[in-house]
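Residue numbers (the working numbering): 961 to 1207.
In this text, a Cβ means the ideal position worked out from N, Cα and C, and glycines have one as well.
Report on the structure given below.
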Amino acid sequence: SNSAPTGEAYLVIGGCGFLGRHIVDALIKRGESNVSVFDIVQRHFDDNITFFTGDLANIEDIAGAIKKSGAKIVIHTASPPHGLAADIYEKVNVVGTHNVIEACQDAGVPKLVYTSSASVIYSGTENLINADERIPYAGVPLDAYNDTKARAEAAVLAANGKDGLLTCALRPSGIFGPGDRQAIMGFHAVVKNGQTKFQIGDNTNLFDWTYVANVAHAHLLAADKLGVTYPVLVLHEPLAPVDLSLG
Ligand code: NAD
């Protein structure tokens, strides 16, 4: 269910991407009237949205957009896709995310929500079952993408409470739904190339997928609730395991 509009100014970084566009849609749908997008390319057009085109890795680009948008809530969901050279992740995820943090603090932005990834705690060697935020980052990261997502996330979390900025990070696992630019194309490619005769582990492995509109909704909730204090809930025991077996 959609919450009521806050009337605040929002900037969605990566707002022309798969998830970013669903976040923008969710904001517009709940009646927000002040929504801006920052992206390196413009892929959709809407008179109700202010678009800024620029490169996150360039501090002037992102600082200018944050100032001009007047954003009180910045949602940072930009990242290069999987499968590129290591230096592009370093530039966009690490340098770019530091730029976002610095620009938010300079402009007096009160809230920053970052899209991290579930794989920041996955090294590819052990199963993660009922994993939560108490699990440390992977000692040996899976690849440059995951390494830089983890370091970007750590920088965002370390900035929480500094210079008037509140931050949080969300770690989606696989995301599916309309506008996906990676998963379905990958599935098609393995079928087309006849690469379907493989088995992972004993063939009972599970992987989490979340519908994109639900991931977008989680970002709105995170932005809404950031800074709201609840009674502290201390979990002494791990949550009871959930039986996910099929059939
Ligand atoms: P996407 O590629 O569809 O969207 C990313 C957007 O960022 C694109 O519009 C792209 O143009 C923009 N961008 C890239 N480099 C930029 C730069 N230098 N400056 C400005 N904009 C730039 O990807 P997505 O699937 O929507 O992923 C969104 C976020 O969610 C990413 O941070 C990703 O790491 C994270 N994530 C995605 C998945 C998934 O399954 N898709 C899973 C876990 C986490």
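| query | Which residues share a DSSP beta bridge with Cys-1128? | reply | Residue pairing for Cys-1128: DSSP places it in a beta bridge opposite Val-1073.
| said: Closer than 8 angstroms to a non-hydrogen atom of the ligand NAD - does that hold for the CB of Arg-1141? | reply: yes
| So Gly-1137 packs on Tyr-1171, CB below 8 angstroms; how close in whole Å? | Between Tyr-1171 and Gly-1137 the Cβ distance is about 5 angstroms, and since that is below 8 angstroms, they are a contact.
| said: Only counting the same chain, and skipping five residues up and downstream in sequence, which positions put a Cβ closer than 6 angstroms to that of Glu-968? | reply: Lys-1032 and Ile-1033
| said: Please classify Tyr-1190 as buried or exposed, where buried requires at least 16 neighbouring CB atoms within 10 angstroms. | reply: exposed
| Under 8 angstroms from any heavy atom of the ligand NAD, does the C-beta of Leu-1016 make it? | yes
| Extent of the continuous alpha helix (DSSP H) run through Ser-1029 | DSSP places Ser-1029 inside the alpha helix (DSSP H), whose first and last residues are 1019-1029.
| For Leu-971, which beta-bridge partners are listed by DSSP? | Beta-bridge pairing links Leu-971 to Ser-996 and Val-1034.
| said: Give me the residue from Ala-1063, Ala-1038 and Asn-1059 with the minimum Cα distance to Ser-1077. | reply: The shortest C-alpha separation from Ser-1077 is found at Ala-1038.
| Rounded separation between Lys-1185 and Arg-981 - CA only | Whole-angstrom Cα-Cα distance: 21 angstroms.
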